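Okay, so here's the structure we're looking at.
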Amino acid sequence: MAEQEKDNTMTVVIAVTVIAIIGVFLLKQDETKHLQMSGETSAAAEAQVLAKHKDFNNDVLKAAE
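Residue numbers (our numbering): 311 to 375.
As structure tokens, then:
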């Protein structure tokens with residue numbers, strides 16, 4: 311009997327799929343890490359930041375008052 315070559319195509323496809331799924335889970339884990347590191351903000355701190363914001367809506371009638 312002649313020996314047949316073993317086809318590794320399915321093994322490669324499964325390995326690449328598993329690596330991709332693991333990669334997605336690792337990236338998903340890091341996705342919101344920057345939100346947790348920023349800490350809690352209070353309404354007063356947000357109001358202070360927004361008070362410094364310049365409004366560029368070009369409302370001419372508001373400036374005429």
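A virtual CB, placed ideally from N, CA and C, is assigned to each residue, including glycine. Quick caveat, the model's predicted, so the values are computed rather than measured.
* What is the residue span of the alpha helix (DSSP H) that Thr319 lies within? -> 319 to 340
* Asked: If you run the structure through DSSP and keep just helix, strand and coil, what is Lys362?
  -> coil
* Asked: How big is the Cα-Cα spacing for Met320 and Thr342?
  -> Taking the straight line from one Cα to the other gives about 35 Å.
* To do: Put Lys343 into one of helix, strand or coil per three-state DSSP.
  => helix
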